[in-house]
Amino acid sequence: MKFSNLSEIATYIVSDGKGILAADESNPTCKKRFDTISVESNEQNRRDYRELLFSSNGMVGNIGGVILFDETIRQKTDAGQSLVDLILEAGALPGIKVDKGLAPFNGSDIETLTQGLDDLDERCKEYAELGAKFTKWRAVINIGNGIPTQECIDANMEALAKYAKIAQKNGMVPIVEPEVLINGNHSIQDCYDATLRSIKSLFDYLNSYDVDISGTILKPNMVTAGSDSEVKSSVEEVANMTIKCLNDSVPDELPGVAFLSGGQTEIESTEHLDKMNKIGGFSWKLSFSYGRALQQSALNAWLGKPENKKDAQEAFAHRAKMNKLASLGNWSADLEK
Ligand code: 5MM
67 MKFSNLSEIA
77 TYIVSDGKGI
87 LAADESNPTC
97 KKRFDTISVE
107 SNEQNRRDYR
117 ELLFSSNGMV
127 GNIGGVILFD
137 ETIRQKTDAG
147 QSLVDLILEA
157 GALPGIKVDK
167 GLAPFNGSDI
177 ETLTQGLDDL
187 DERCKEYAEL
197 GAKFTKWRAV
207 INIGNGIPTQ
217 ECIDANMEAL
227 AKYAKIAQKN
237 GMVPIVEPEV
247 LINGNHSIQD
257 CYDATLRSIK
267 SLFDYLNSYD
277 VDISGTILKP
287 NMVTAGSDSE
297 VKSSVEEVAN
307 MTIKCLNDSV
317 PDELPGVAFL
327 SGGQTEIEST
337 EHLDKMNKIG
347 GFSWKLSFSY
357 GRALQQSALN
367 AWLGKPENKK
377 DAQEAFAHRA
387 KMNKLASLGN
397 WSADLEK
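Each residue of the sequence shown is one higher than the one before, starting from 67 at the first, in the working numbering.
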């Protein structure tokens with residue numbers, strides 16, 4: 067695959083209903099996921115699991131990009147092929163998570179600022195040489211009593227803009243991920259307000275750092291009530307409020323919005339995405355960049371056993387296909403049977 071500019075790369079990743087597989091779990095997060103299936107999180111098991119996903123036939127035509135962790139971009143299959151080449155062979159582009167995780171913001175117990183800018187330019191150079199075509203940086207915004215503060219939002223969004231500029235300078239598309247966490251008992255309106263403030267601030271900073279928006283992908287949360295809220299939102303409500311929030315904050319020249327799943331179930335993530343695409347009324351592709359919502363069934367089918375590989379690959383292929391259909395607004399519940 068040959069691309070002559072960043073906009074072509076970004077456009078390819080979300081073309082024809084394709085979305086992104088977020089397989090960039092840091093080792094501590096991977097351990098959390100593997101603990102749920104009683105599998106040891108060591109380098110070999112992490113490689114086996116990711117090789118299983120990337121060699122599933124569910125990749126082809128459904129997945130336009132895979133976000134990798136530093137360890138994974140350097141790994142090879144049992145047969146000696148690099149995982150980067152395996153991903154390319156499936157018609158997807160390899161990408162890399164470049165943030166270095168969270169640190170307390172201004173001494174807060176809850177608010178955080180994402181780290182990793184110091185040596186980012188050198189790391190990006192190496193990742194580009196290793197074949198990465200895009201990068202990802204995740205900022206985390208919490209909703210609670212008196213938070214998010216505007217100071218925390220702005221500090222995180224400015225860091226995202228600085229990161230995006232460096233990624234583009236090194237020839238890679240930045241995925242900018244301002245995740246408003248689902249944790250808490252807040253209302254859907256609280257989530258709407260925090261998400262709108264975050265994305266507005268983000269695009270203000272992207273513009274002031276002169277980031278090429280046509281060569282950028284936004285990875286936001288959907289607008290939902292908190293996971294502990296007693297009031298459950300309907301699918302229509304989530305879809306309508308998310309579209310309104312994006313229409314009020316995202317410029318038309320952005321090629322794609324690829325949602326995170328953020329703790330929603332596999333089916334919820336698919337159904338919400340499908341509903342938004344059925345409603346329409348926006349200029350960007352609305353697609354997915356799911357971690358848990360693409361992997362949960364596959365992980366449960368695998369259980370760390372080689373004899374379960376085929377079932378796990380089929381489980382992943384099914385979710386990848388369902389989410390492609392949702393990105394085109396062509397999903398329906400009976401396809402899940
Ligand atoms: C796959 O998990 C990603 C990395 O998380 P850590 O740095 O905490 O290990 C994460 O950024 C992920 O890409 C997004 O949150 C989307 O994943 P979900 O599971 O929310 O769809």
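Where is the CB? At the ideal position from N, CA and C, for every residue including glycine.
Excluding five sequence positions before and after Thr336, the CB atoms of its chain that fall closer than 7 Å to its own CB belong to Met388, Asn389, Ala392 and Trp397, given in chain order. With a threshold of 8 Å, the Cβ atom of Ala194 does not count as near ligand 1, since no heavy atom of the ligand is closer than that.
Under the criterion of beta carbons closer than 8 Å, Leu262 and Cys218 do not qualify as touching, at roughly 15 Å. Trp397: not part of any alpha helix (DSSP H); DSSP gives it neither H nor E.
The beta carbon of Cys257 sits no closer than 8 Å to any heavy atom of ligand 1. As the crow flies, the alpha-carbon of Ala230 is around 23 Å from that of Met67.
Thr331 has its CB no nearer than 8 Å to any heavy atom of ligand 1. According to DSSP, Gly85 shares a beta bridge with Ile129.
By the rule of a C-beta closer than 7 Å to any heavy atom of ligand 1, the residues picked out are Ala88, Ala89, Asp90, Glu91, Ser92, Pro94, Thr95, Ile133, Lys163, Gly167, Lys202, Arg204, Glu243, Glu245, Leu326, Ser327, Gly328, Gly329, Ser355, Tyr356, Gly357, Arg358 and Ala359.
If you ignore the 5 residues before and after Ala367, its C-beta comes within less than 8 Å of the C-beta of Asn374, Asp377, Ala378, Glu380 and Ala381, all in its own chain and listed in chain order.
The criterion of a C-beta distance shorter than 9 Å is not satisfied by Phe354 and Leu369.
Per DSSP, reduced to three states, the secondary structure at Gly197 is coil, with no helix or strand assignment. When Cβ pairs closer than 8 Å are counted between the two stretches, the region 115-123 is seen not to touch the region 71-85, the count staying below three. Remark: three or more beta-carbon pairs, one from each stretch, lie closer than 8 Å, so the region 276-284 and the region 225-242 are flagged as touching.
By a beta-carbon distance limit of 8 Å, Ile133 does not contact Val150. Their separation comes to about 12 Å.
Shown here, Ile139 sits in a helix according to DSSP, grouped into three states. DSSP places Tyr275 outside both helix and strand once states are collapsed to three, so it counts as coil.
Here Val242 is near Leu284, since their CB atoms are less than 9 Å apart.
Gly127 and Gly157 do touch by the CB rule: their CB atoms are close to 7 Å apart, below 8 Å. Contact annotation: Gln330 and Arg99 have beta-carbon atoms that are not nearer than 9 Å. Sixteen is the threshold: when 16 or more other Cβ atoms of the shown chains lie within 10 Å of the Cβ of Val164, as they do, the residue is buried.
Membership of Thr178 in the beta strand (DSSP E) is indicated by the continuous run Thr178 to Thr180. Shown here, Gly210 sits in a strand according to DSSP, grouped into three states.
Short of 6 Å from the beta carbon of Ser122, and not among the five residues preceding or following it, lie these beta carbons of its own chain, in chain order: Gln379, Phe382 and Ala383. The C-beta distance from Asn93 to Ser107 rounds to 7 Å, short enough to meet the 8 Å contact threshold.
Comparing C-alpha distances from Met223 to each of Trp203, Asn211, Ser73 and Ile209 shows the shortest one belongs to Trp203. In this structure Leu226 is not in contact with Ala260, their Cβ atoms being roughly 16 Å apart against a cut-off of 8 Å.
CA-CA distance, Cys190 to Val239, rounds to 11 Å. Per DSSP, the beta-bridge partners of Tyr356 are Leu87.
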